[in-house]
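Student: The structure's right below; bear with me while I get my questions together.
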């Protein structure tokens, strides 16, 4: 919640058109983008894309990151990945004063 908007509507009801969630794995091997249209997952290890609907039914699997049809989404994913890593490195993702003692 420190990085964006409340996106629970993606799972439960219609969202505003521009709502999205950036997803990242704990081990830095996958990132994703969830929108009202579905979920796009990208494997950093295999450099392949999986496109699924919100019920996680796969529409397209194993797309190359060079596929021009997905170029805008891949660009957004990589930008969000880089930005989130910089924010994490700078301890700006969450409040250390509020949450640091829990780690």
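In our numbering, the protein residues as written are 997 to 1099.
All C-beta atoms, glycine included, are put in the ideal place defined by N, C-alpha and C.
Out of 1027, 1040, 1054, 1021, state which residue places its alpha-carbon closest to the alpha-carbon of residue 1034.
Tutor: For residue 1034, the nearest C-alpha among the options comes from 1054.
Student: Three or more C-beta pairs closer than 8 angstroms, one from the segment 1071–1085 and one from the segment 1027–1047: is that the case here?
Tutor: yes
Student: State the DSSP-derived secondary structure class of residue 1065, mapped to helix, strand or coil.
Tutor: helix
Student: What does a CB cutoff of less than 6 angstroms around residue 1038 pick up in its chain, not counting 5 residues either side in sequence?
Tutor: 1027, 1045, 1073
Student: Closest to residue 1048 by C-alpha separation, out of 1056, 1042, 1041, would be which residue?
Tutor: Checking every option, the nearest Cα to that of residue 1048 belongs to 1056.
Student: Closer than 8 angstroms by C-beta to residue 1097: which residues in its own chain qualify, once you throw out the five before and the five after it? Chain order, please.
Tutor: none
Student: Per DSSP, which residues does residue 1054 bridge with? Please list them.
Tutor: 1048
Student: Among 1070, 1087, 1086, 1083, which residue has its Cα nearest to the Cα of residue 1040?
Tutor: Checking every option, the nearest Cα to that of residue 1040 belongs to 1070.
Student: To the nearest angstrom, how far is it from the Cα of residue 1058 to the Cα of residue 1068?
Tutor: 17 angstroms
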